[in-house]
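Chemist: Questions regarding the structure given below will be posed in turn.
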Amino acid sequence: MNNLNRQTSAYGRLLASSKTALADAYRGFYDITHNSLALLGTVLAVAVVVLGFRADLRASAEEQLLGWLLQRQEAAATELVVEAEPTAVDRVTAADLSALPEQQAKVTQWLSRKYRVAPEPLAALVTEAYAVGEKARLDPTLILAVMAVESRFNPFAQSPVGAQGLMQVLTKVHTDKYEDFGGHLAAFDPVSNLRVGAQVLQDAIRRAGSVEGGLRLYVGAVTTDGGWYIDRVLAEHARIQGVALGRPVPRSAPAAAAQPIPVKQTEGQPARPLPAADIEAVVPTGSPSPAAVIPS
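Residues 1148 to 1443 in my numbering are what the sequence shown lists, from first letter to last.
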C-alpha cells in the first residue's frame, strides 16, 4: 500500500512539473512574439512618419519596391513561358570573327559598319561567299556586292514581286533549286539563299558571256539595259574588293568616283535587249526589279 502511495505521489509531482514547464514555455513564447510584434509595429510607425516628411526617401522606397515587384513578375513569367533550350545556338548563322582569315575579317568589319549588321552573322556569310565563290569560280566580293545591293544583308527581305532573302531570288521561279535544301522556305535561310543565288548568278554570267551581261540577266532587265543596276553592283564590288586587298575605302563614295564596266554591245549600236526567254528571271517579265525597291 505504501508503494502505491509513493508511486501516485511521484506521478503527481511529474505531472505538475510538466504543466509548469509547458506554462513557462507558453509564457516565454507569448512574451517574445508580443515584444517582437510591438517592435515591428514601432519600426513601421517610425518609417511611415519619416517617409511622410521626406519625399525623396519616399520616392526612393517606392522605386525600390516597384523594381522588386517587377523583378518578381518577370521571374514568374519567365518560369512559366520561356523554356531553356541549350541547343538553340545550333540554329544560329554566325561565326567568330577572330577565326576568319585576315582578308575576310577586313571585309566583314567594313560591311558590318556600312550596313549596320552584327559582325558575327556577317562573318558566316562572308566565309560562305568565299567558299561558294571558289567552287563556282565567282569572285566572292561580287557575290557580296549583289547581296549588298539586293537586300542590304537582310535575310528576310522581300520585294513587291516576291523576290526573297539575301540574294532576292524569285522563290516561285527557282523552287526546284531549293528542293535540295528542304523546300521553298529555305529561301529565308541565309546560307541556302546565298547558295541558290550564287548558282543563279553563275548561270546568268555563263549564258551572257560577261559579268555585266550576267548582272543584267540576274536583275531581269527587259524594258531597259539594266545599266543602273549594273553600275550599283560593280561600284560596290570595287569597294569591297578594295577592302579585301587592304586599300583604304570609304563606306560610301560619290557616283562619279565609280567606274562601272558598260554592258557589252556591238560597236556603234545601242544595247540590244536579250530575248525574254533568255532572262534568268529574278523578276517576271514586265515587273520592276527587286533591287529597285532596295534603298541605296
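Even for Gly, the Cβ is constructed at its ideal location relative to N, Cα and C.
#1: My guess is that Thr-1274 and Gln-1305 are in contact by the Cβ rule of under 8 Å, so how many angstroms apart are they, rounded?
#2: Going by beta carbon distance, what residues of the same chain come within less than 7 Å of Gln-1388, once the five residues before and after it are set aside?
#3: State the DSSP-derived secondary structure class of Leu-1317, mapped to helix, strand or coil.
#4: I need the boundaries of the alpha helix (DSSP H) containing Thr-1234, first residue and last residue.
#5: Given 8 Å as the limit, is there contact between the segment 1342 to 1358 and the segment 1210 to 1219, that is, 3 or more CB pairs closer than that?
#6: Based on Cα-Cα distance, which residue from Leu-1392, Val-1239, Glu-1359 and Leu-1162 lies nearest to Asp-1336?
#7: Compute the beta-carbon to beta-carbon distance between Arg-1398 and Arg-1260, rounded to the nearest angstrom, for a pair I have assumed lies under 8 Å.
#8: Looking at C-alpha atoms only, which residue of His-1331, Asp-1327 and Gly-1312 is the closest neighbour of Lys-1319?
#9: Using 10 angstroms around the beta-carbon of Pro-1266, count the other beta-carbons present and answer buried if the total reaches 16, otherwise exposed.
#10: When we look at the beta-carbon of Pro-1395 and count the other beta-carbons within 10 Å, is it buried (16 or more) or exposed?
#11: Just to confirm my understanding: we take Phe-1303, look at its own chain, exclude 5 residues before and 5 after, and list those with CB closer than 7 Å. What are they?
#12: Assign Val-1390 to buried or exposed, taking buried as 16 or more other Cβ atoms, counted over all protein chains shown, within 10 Å of its Cβ.
#13: State the DSSP-derived secondary structure class of Ala-1310, mapped to helix, strand or coil.
#14: Using the Cα positions of Gly-1329 and Val-1338, report the straight-line distance between them to the nearest angstrom.
#15: Quick check on the burial criterion: 16 or more other C-beta atoms within 10 angstroms. Buried or exposed for Arg-1174?
#16: Along the alpha helix (DSSP H) that carries Ser-1298, what are the first and last residues, could you check?
#17: Closer than 6 Å by C-beta to Leu-1269: which residues in its own chain qualify, once you throw out the five before and the five after it? Chain order, please.
#18: For Ala-1242 and Ala-1271, which I take to be in contact (beta-carbon distance under 8 Å), what is that distance rounded to the nearest angstrom?
#19: Would you kindly report the start and end of the unbroken alpha helix (DSSP H) that includes Asp-1350?
#20: Taking the alpha helix (DSSP H) that His-1384 belongs to, which residues open and close that run?
#21: What does the alpha-carbon distance come out to for the pair Pro-1401 and Gly-1374?
#22: Measure the beta-carbon distance from Arg-1363 to Ile-1377 and round it to whole angstroms, keeping in mind my assumption that it falls under 8 Å.
Modeler: So, to answer that:
#1: At roughly 25 Å, the Cβ-Cβ gap does not stay under 8 Å, so Thr-1274 and Gln-1305 are not in contact.
#2: Thr-1288
#3: Assignment of Leu-1317 by DSSP, reduced to helix, strand and coil, places it in the strand class.
#4: Segment: none, Thr-1234 is in no alpha helix (DSSP H) and carries neither H nor E.
#5: no
#6: Val-1239
#7: 6 Å
#8: His-1331
#9: buried
#10: The residue is exposed, with fewer than 16 neighbouring Cβ atoms inside 10 Å.
#11: Phe-1335
#12: buried
#13: strand
#14: 13 Å
#15: exposed
#16: Per DSSP, Ser-1298 belongs to the alpha helix (DSSP H) from 1287 to 1298.
#17: Thr-1255, Leu-1258 and Ser-1259
#18: Ala-1242 to Ala-1271, Cβ: 4 Å. Contact.
#19: 1337 to 1355
#20: 1374 to 1391
#21: Only weak support is given to the placement of Pro-1401: the predicted model assigns it a pLDDT of 43, under 50, and the value that follows is read from those uncertain coordinates. So the alpha carbons of these two residues sit roughly 17 Å apart.
#22: With a Cβ gap of about 6 Å, Arg-1363 and Ile-1377 count as contacting.
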